[in-house]
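Take a look at the structure below.
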Amino acid sequence: GGSAIRVDLYGQDIQILNNHIEHIGGTGVLLCGYGSGSKDVNKHNLVYNNHIHHTGENNWHAPGIFLWQSGENRVANNLIQHTPYCGMIISGLMDRFRSRVERREADPGNRTREENLEPSKLSYDNLIEYNEIHHAMEIMGDGNGIYIRGAGNGNIIRRNYIHHLLAPVIMQSAIRTDGGQRGTLIAENLIYKCVSHGIHLKLNNHAENNIIVDIIPTTHQGRKVPAIFFKLREGPMTGGAIQRNILYQSGDEIEFFNQGENPRLPAAWAKEADTDYNLYYCAGNPEFSKATLEKSRAEGIDTNSLATDPLFVDPENGDFRLKPESPALKLGFVPIDYSKIGLQTGPS
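Following this line, the structure appears as structure tokens:
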């Protein structure tokens, strides 16, 4: 039931490279710092070019790679597949798990709640890039390809390819920010054929220059639930951004944004963030794309966005490179070099 490789407590400057990890009872690779307190000592590690699959065979909640209270790491070019729960988790300590003494000592009386919590969130400034994740979430629900919560500021999730998360459960996304997560950049990722949600976004996080294609609808308690590209769940989103994303659905059923009131959390609205320069296209119903854009503009967002075909090279066969005449390029979209994603040969 344990992990294949664990960097525990005071673990620094360790390289975990080129391993093949399979059929593990728990997590594939775990970077695990100290719990409640301020011992910021699990950091500066490299997890590179590992093939990790069929984890969590005893403990279903175990992901392929897990960073907990561990910061300033680089996790790159790993292939994670066939996991019962999340592909990757980046997490820190939630406020409710801190002692009363810690809460009192951390609160001088002149800072916001978020500022008080930040010193204890030690999974900050991690670089998560060029990973490929597919067929995660094969057993459990309420999880994601990449899941980040309570992890501190400065995390970057970029240039990852997350595809074919096919389990028919409503509570899952390719990438999800949760649990008070702030200050995260989600950029230049390719998300393809994932059930339920593309990106689940909260608060002041940034989603920029991502391609999201063919999100798959599911059912919940016998009710059909539409596919959602951006699930906005907790506000205010002031200081965040949703910019230069390409949202493409080959069929005719889609919800580009799911936003608004929430019975458990403050309402989240795209208009609170800097939302613009996006490209929307529903190939099976182009008029729906235009109606979505018109609605957004009426709400004061997406002034420069477009509702038109992005002109992928061959979307039917999974080639989402852009043709030279693509209108997305005129919006400032930066093409993604897919050859650098996933397992590599050569130095790190």
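Take my numbering: the final residue in the sequence shown is number 348, and no numbers are missing along the way. Every residue gets a Cβ at the ideal spot worked out from N, C-alpha and C, and that includes glycine.
Q: Work out the CA separation of W269 and E287 for me, nearest whole Å.
A: 23 angstroms
Q: Count the other C-beta atoms from every protein chain shown that fall within 10 angstroms of the C-beta of D226, then say buried if there are 16 or more, exposed otherwise.
A: The question names Asp, yet the displayed sequence has Pro at residue 226. P226 comes out exposed.
Q) Does any heavy atom of the ligand ATP sit closer than 7 angstroms to the C-beta of Y192? A) The ligand ATP is absent from the structure shown, which contains no ligand whatsoever.
Q.
Rounded to whole angstroms, what is the Cα-Cα separation between L127 and G2?
A. 25 angstroms
Q. Taking just the CA atoms, how far does Q81 sit from L343?
A. 12 angstroms
Q. Are the region 167–184 and the region 143–153 in contact at 8 angstroms, needing three or more beta carbon pairs?
A. yes
Q: Let me know if Q249 comes out buried or exposed under the rule of 16 or more other beta-carbons within 10 Å of its beta-carbon.
A: buried
Q. Can you name the start and end residues of the beta strand (DSSP E) that R297 belongs to?
A. That residue, R297, is in no beta strand (DSSP E); its alpha helix (DSSP H) goes 286–298.
Q: Answer with buried or exposed for S289, where buried requires no fewer than 16 other C-beta atoms within 10 angstroms of its C-beta.
A: buried
Q | A328, enclosing alpha helix (DSSP H) - first and last residue | A | 327–330
Q. With C-beta atoms as the reference, is L279 less than 8 angstroms away from L247?
A. yes
Q: Quickly, what does DSSP pair G260 with across the bridge? List them, please.
A: A268
**Q.** S339 (DSSP reduced to helix, strand or coil)
**A.** helix
Q: Using beta-carbon positions only, say whether Q259 and L293 come within less than 8 angstroms of one another.
A: no
Q. With DSSP run on the structure shown, which of helix, strand or coil describes E253?
A. coil
Q: Output the distance between the C-alpha atoms of V195 and T218, rounded to the nearest integer angstrom.
A: 7 angstroms
Q) By Cβ distance, which residues of its chain are closer than 7 angstroms to H20, with the 5 residues on each side in sequence left out? A) H51
Q: Provide the residue span of the beta strand (DSSP E) that contains D274, from first to last.
A: 274–276
(Q) Comparing C-alpha positions only, which one of A4, A291, I211, E57 sits nearest to G25? (A) E57
Q. Would T184 pass as a contact of I157 if the rule is Cβ separation under 8 angstroms?
A. yes
Q) Can the beta-carbon of I341 be found closer than 8 angstroms to that of R159? A) yes
Q. Around the Cβ of Y10, are there at least 16 other Cβ atoms within 10 angstroms (buried) or fewer (exposed)?
A. exposed
Q.
Using 8 angstroms as the threshold, is the C-beta distance between V41 and Y34 below it?
A. yes
Q.
For I5, which residues in the same chain have their Cβ closer than 6 angstroms to its Cβ, ignoring the five residues on either side in sequence?
A. I16, V29
Q) If you draw a straight line from the C-alpha of F257 to the C-alpha of A291, how long is it? A) 13 angstroms
Q. Could you give the distance in angstroms between the alpha-carbon of I228 and the alpha-carbon of S120?
A. 33 angstroms
Q | Per-residue DSSP class, three states only, for V101 | A | For V101, the predicted structure reports a pLDDT of 45, less than 50, and the residue's modelled location is therefore unreliable. A value from the coordinates is still provided. Three-state DSSP puts V101 in a helix.
Q: Would you tell me roughly how many angstroms separate the C-alpha atoms of Y338 and D214, rounded to the nearest one?
A: 18 angstroms
**Q.** Option nearest D276 by Cα separation, candidates G64, A328, H220, L122
**A.** A328
**Q.** Alpha-carbon spacing of V101 relative to R297, whole angstroms
**A.** Reliability fails at V101, whose pLDDT of 45 lies under 50, so the model's placement of it is uncertain and no value is given.
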